[in-house]
Each structure stands twice: as C-alpha cells, then as structure tokens.
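For what it's worth, the working numbering labels the leading residue of the sequence shown as 11, then goes sequentially. Backbone N, C-alpha and C fix where the C-beta goes; we use that ideal spot for every residue, glycine too. Written out below as structure tokens is the structure these notes cover.
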Amino acid sequence: MAKRRSCKWLTSGRLFDAIRASISLPLFFTPVPYRGGQLIDGGVLNPVPIAPTFADDTDMTIAVNLGGPPVEALKEPSVEPERSTVSTKASRWVEGLIDGVKRSVKERTARDWSAYDVANQAFDTMQSAIARQKLAAYPPDHEIEIARNACGTLEFHRADEMIELGRRVAREQLFRSVRQ
Numbered sequence: 011m012a013k014r015r016s017c018k019w020l021t022s023g024r025l026f027d028a029i030r031a032s033i034s035l036p037l038f039f040t041p042v043p044y045r046g047g048q049l050i051d052g053g054v055l056n057p058v059p060i061a062p063t064f065a066d067d068t069d070m071t072i073a074v075n076l077g078g079p080p081v082e083a084l085k086e087p088s089v090e091p092e093r094s095t096v097s098t099k100a101s102r103w104v105e106g107l108i109d110g111v112k113r114s115v116k117e118r119t120a121r122d123w124s125a126y127d128v129a130n131q132a133f134d135t136m137q138s139a140i141a142r143q144k145l146a147a148y149p150p151d152h153e154i155e156i157a158r159n160a161c162g163t164l165e166f167h168r169a170d171e172m173i174e175l176g177r178r179v180a181r182e183q184l185f186r187s188v189r190q
C-alpha cells in the first residue's frame with residue numbers, strides 16, 4: 011500500500027531542519043527524515059502556497075509565483091558569483107553542500123545532459139501547471155509573477171540579485187494593480 015502524501019507546515023522546531031527540508035529537491039538533495047516520514051521541498055507539489063493564508067485574519071493576500079512566463083533575453087547576473095551577505099556556520103555548511111551538488115550535477119550532465127535537461131524541463135512544466143491550478147482555484151488579492159527563467163535551480167550565489175529582482179517586480183506589479 012502506498013504511503014499517504016500530505017503537506018507539512020513546519021511552524022516550530024529548528025530553523026536549520028526546516029531549511030534543509032525546504033531545499034530537498036528530487037535529483038538534487040535527499041529527503042529529510044521527519045516523524046517517521048520523509049520531507050521534500052513543499053514547492054514540488056505546492057509552488058504557490060496560498061492555503062496557509064486561509065486561517066489568517068488578514069486584509070490582503072499577495073501570492074508570489076516563480077513560474078511566470080520566461081523572459082526571452084535575460085541580462086548577465088549583476089552580482090558576482092560569490093556568496094550571499096549571510097555568513098554563519100550553518101550557511102557555510104549549506105554552501106559547501108550546494109557546491110558538492112553543483113559538481114555532481116556538472117559531472118552527471120556532462121555525461122548525460124539530455125536526461126538532466128528533460129527532467130528539468132518536466133519539473134518546470136509540472137510546477138507551472140500546478141501553480142496555474144492553485145491560483146485559479148484560490149485567487150489571491152494580488153499576484154507577483156517572476157519569470158521562471160530568472161534564476162537556475164542551483165544558482166544560490168545569485169540570492170542578492172534575486173531579492174532585488176523580487177523587490178523591483180513587486181513594486182512594479184503592485185503599483186500597476188493599484189492604478190487599475
């Protein structure tokens with residue numbers, strides 16, 4: 011009998027455990043053991059998590075959709091491929107883990123790029139379809155859409171640039187919706 015799959019919202023416990031579970035993506039990081047089960051990134055099945063807002067007493071729901079239409083010509087990264095401004099023992103450990111995965115993926119993809127490319131494209135397509143369904147079923151008050159090709163899966167070194175992109179796009183899209 012197949013084990014029942016469900017979303018787990020981690021609202022207490024160690025932050026490191028939540029972060030580790032959140033970066034557990036198939037093909038990249040192994041699942042995290044949790045109370046007799048295994049956790050992977052919730053975005054795999056719920057890329058736009060609107061459900062947690064249902065119980066909140068809020069005036070407005072803003073959803074961030076990272077699966078927006080791709081941008082044809084993206085400029086080169088403006089942030090040098092170094093490390094984010096966060097520097098703690100945990101972040102250095104995670105960066106080392108990510109560097110190891112990047113090396114592993116490069117080795118695998120150098121031998122079998124087409125298989126990786128197909129898996130990555132299938133994952134992207136699945137994420138976009140799920141996001142569209144969630145947003146249609148549970149429309150937020152405002153949606154901020156980021157192009158799905160703004161950043162690659164393993165480009166963690168671009169965190170500062172992506173945060174700034176998110177701020178800029180949020181300002182533009184929220185301002186546009188207020189004017190309408």
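- In summary, Lys-99 is exposed, with fewer than 16 beta-carbon neighbours lying within 10 Å of its beta-carbon over all protein chains present.
- At a Cβ-Cβ threshold of 8 Å, Ile-50 and Pro-41 count as neighbours.
- The Cβ atoms of Ile-33 and Phe-39 sit closer than 8 Å to each other.
- Distance from the CA atom of Glu-182 to the CA atom of Met-70, rounded to whole angstroms, is 18 Å.
- Secondary structure note for Leu-49: it is in no alpha helix (DSSP H), and the uninterrupted beta strand (DSSP E) holding it is 47-49.
- Scanning its chain for C-beta atoms nearer than 7 Å, with the 5 sequence neighbours on each side dropped, one finds around Val-179 the residues Ile-154 and Ile-156, in chain order.
- For Ala-157, the beta-bridge partners assigned by DSSP are Gly-78.
- Within the DSSP bridge table, the entry for Pro-43 names Gln-48 as partners.
- Remark: C-beta atoms of Ala-141 and Pro-57 approach each other more closely than 8 Å.
- Apart from the 5 residues on each side of it in sequence, Gln-137 sits with its Cβ closer than 6 Å to the Cβ of Pro-57 and Gly-77 in its chain, given in chain order.
- Counting only residues of its own chain and dropping the five nearest sequence neighbours on each side, Leu-164 has a CB closer than 6 Å to the CB of Lys-112.
- Nearest in C-alpha terms to Leu-35, of all of Arg-177, Ile-173, Asn-130 and Arg-168, is Asn-130.
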